[in-house]
Each structure stands twice: as structure tokens, then as C-alpha cells.
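2 protein chains.
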Amino acid sequence: MSETLFDKIIRREIPADIVHEDEHVLGFRDINPQAPVHVLFIPKKPIATLNDLEHADMLLAGRLMKAAADFAKREGFDEAGYRVVMNTNRDGGQSVYHIHLHLLAGRQMTWPPG
Amino acid sequence: MSETLFDKIIRREIPADIVHEDEHVLGFRDINPQAPVHVLFIPKKPIATLNDLEHADMLLAGRLMKAAADFAKREGFDEAGYRVVMNTNRDGGQSVYHIHLHLLAGRQMTWPPG
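Chains W and E are the protein sequences, given in the same order.
Start counting the first sequence at 1; every next residue gets the next number (this note's numbering).
Start counting the second sequence at 115; every next residue gets the next number (this note's numbering).
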């Protein structure tokens, strides 16, 4: 797969407001926030879309969810609540072809989810 | 935690349009669909919210994502695309306190995601 913006963020070649980093996952604020809190959690391993998630990557997908929940606790909005979203391809509205879990919080999220 | 509707669906005590089942995960259509395709993927193990996901449950969270992607492939809308969403507590708009990953497809999803 071709390299994306996110690989450059992982390597600190372009700046980002990083809020979480561990061995497997990086979390940083979305530059076009859609809620008072809007963070992206990405695997350091480049996976283009959720369609490309292999069986061996399932734990990694779960790590994104857990990183989002841990961030919510750390920031104190876990009880108020939040939404996590992942977009795949055109109909999903995927913008960068490196999977990313959106975490949105700080306001009442509405339904449908887009 | 108290039992929810979803436990009854897992035990087949109330009907649901089930589209996926394996050892860990059940997938069934949302009764109030927000897109031409709207399926919920739930762990058979009851976990109330994403806040309650323990470290040992990370793989299970990943299984929900993988089950959604596999369903997209099986149904042939993986390339067109789809969105997955999980809501937590009030601000997220969580309705049933047994975690569920919404899969929405069959139309262009919009931004913001609610």
C-alpha cells in the first residue's frame, strides 16, 4: 500500500496533537474536529481499510477501541459518554487509507450517525 | 449487570433477523434501520459499555470489527463501503447496555457522524 499522512505523523515528520502513544497505537486530535473532543486512534501498522484487517490483526483492532475507552476515562468524559466510528471506502466516507477510529465526545451525538 | 434484550436474542427467547453467529459474536439486523443495511454485532459475553471493556476483552472487541468486515465481504458491499459505530452512555446515544457495533451500509454516509 502507498504511504499516507498518518505514517508521517507516526514518524513525527509532520506535527500532530498527540494524546496517546503505546507500542501499537497512536492517538491524536483530528484537525477538523466535529465535536469538542475528536481524536483519531490508529495502529502504527499500516492497514488500508477495515476490509484489509486480517485475522491476526483482530487484537490490534480491539486495541484501538480500548485506547479510546482509556482516553475517555483519563479525560473524565467516560460517564457522560462518547461515540467511536470507523469509515470504510466511499460509502463510509473514508478519507485516509490507513484505518483510524474516530472518538467524538463533549456534546450529545445524534442519530443516525451520518 | 442486569440482563438486556440482547441476552434474550442470544438465547433465542425473542426473535431477531440473525445474519452471523460464531462462538463469540452474534450479528442481527437493527429493528430501526438507519441505512439500507444496518446490522448490530454483539459479543455473547455481556459487557455493558465500552468503559467496561477489560484488557482481556480487547480481542473480543476486535472480533466485532472483523465480523462486520467479513459480513461486508459476504454481502458484497465491502468495496462500496460502510461505517461502523459504537455508542457509549448518554452523549454517545447508547440505547442498550450490552455493547454493540453498528454496521451501516447501502447509502452514502455523511459527516459528521451524528
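Ideal Cβ placement from N, Cα and C applies to all residues, glycine included.
Short of 6 Å in beta carbon distance, which residues of its chain neighbour Arg197 (chain E), apart from the five on each side in sequence? Order them along the chain.
Sequence index remark: in the second sequence, residue 197 (chain E) carries index 83 (1-based). Around Arg197 (chain E): Leu218, Met223.
Could you tell me whether any Cβ in chain W is nearer than 8 Å to the Cβ of Lys158 (chain E)?
Your numbering for residue 158 (chain E) matches position 44 in the second sequence. No, no contact with chain W.
My guess is that Gly141 (chain E) and Ile128 (chain E) are in contact by the Cβ rule of under 8 Å, so how many angstroms apart are they, rounded?
Counting from 1 along the second sequence, the entry for residue 141 (chain E) is found at position 27. Counting from 1 along the second sequence, the entry for residue 128 (chain E) is found at position 14. Actually they do not touch by this definition, with Cβ atoms about 16 Å apart.
Would you mind telling me which residues of chain E sit closer than 9 Å to Leu5 (chain W), beta carbon to beta carbon, in chain order?
In the first sequence, residue 5 (chain W) corresponds to position 5, counting from 1. What Leu5 (chain W) touches in chain E: nothing, since even the nearest Cβ is about 18 Å away.
If you measure between the beta carbons of Phe191 (chain E) and Gly220 (chain E), is that distance less than 8 Å?
Locating residue 191 (chain E) in the second sequence gives position 77, where the first residue counts as 1. Locating residue 220 (chain E) in the second sequence gives position 106, where the first residue counts as 1. Yes, Cβ-Cβ distance for Phe191 (chain E) and Gly220 (chain E) is below 8 Å.
Could you give the distance in angstroms between the alpha-carbon of Val151 (chain E) and the alpha-carbon of Leu5 (chain W)?
Residue mapping note: residue 151 (chain E) aligns to position 37 of the second sequence, counting from 1. Residue mapping note: residue 5 (chain W) aligns to position 5 of the first sequence, counting from 1. One C-alpha to the other measures close to 31 Å.
Under DSSP, the alpha helix (DSSP H) around Leu64 (chain W) begins and ends at which residues?
Translated into positions along the first sequence, residue 64 (chain W) becomes position 64. Leu64 (chain W) -> alpha helix (DSSP H) spans 58 to 75.
Give me, in chain order, the residues of the same chain whose beta-carbon lies closer than 7 Å to that of Pro43 (chain W); leave out the 5 immediate sequence neighbours on both sides.
Against the first sequence, residue 43 (chain W) aligns to sequence position 43. For Pro43 (chain W), where only same-chain residues beyond five positions count, the Cβ hits under 7 Å are His24, Val25, Leu60, Leu64, Ile99.
Tell me, which residues are paired with Thr88 (chain W) by DSSP?
What you label residue 88 (chain W) is simply residue 88 of the first sequence in a count that begins at 1. DSSP output for Thr88 (chain W) lists E:Tyr196 as bridge partner(s).
Mind checking the stretch 134 to 151 of chain E against chain W and listing, in chain order, the residues whose C-beta falls within less than 8 Å of any C-beta there?
The residues in question are Gln148, Ala149.
Check whether chain E comes within 8 Å of Val96 (chain W), counting only Cβ atoms and requiring the distance to be less than that.
Taking the first residue of the first sequence as 1, we reach residue 96 (chain W) at position 96. Not one chain E Cβ lies under 8 Å of Val96 (chain W).
Taking the alpha-carbon positions, what's the Trp225 (chain E) to Ala80 (chain W) distance?
Translated into the one-based positions of the second sequence, residue 225 (chain E) becomes position 111. Translated into the one-based positions of the first sequence, residue 80 (chain W) becomes position 80. Going by the C-alpha atoms only, they are around 22 Å apart.
Which same chain residues, not among the five before or five after Ile9 (chain W), have their C-beta less than 6 Å away from its C-beta?
Within the first sequence, the letter at position 9 stands for residue 9 (chain W). Hits under 6 Å: Ala16.
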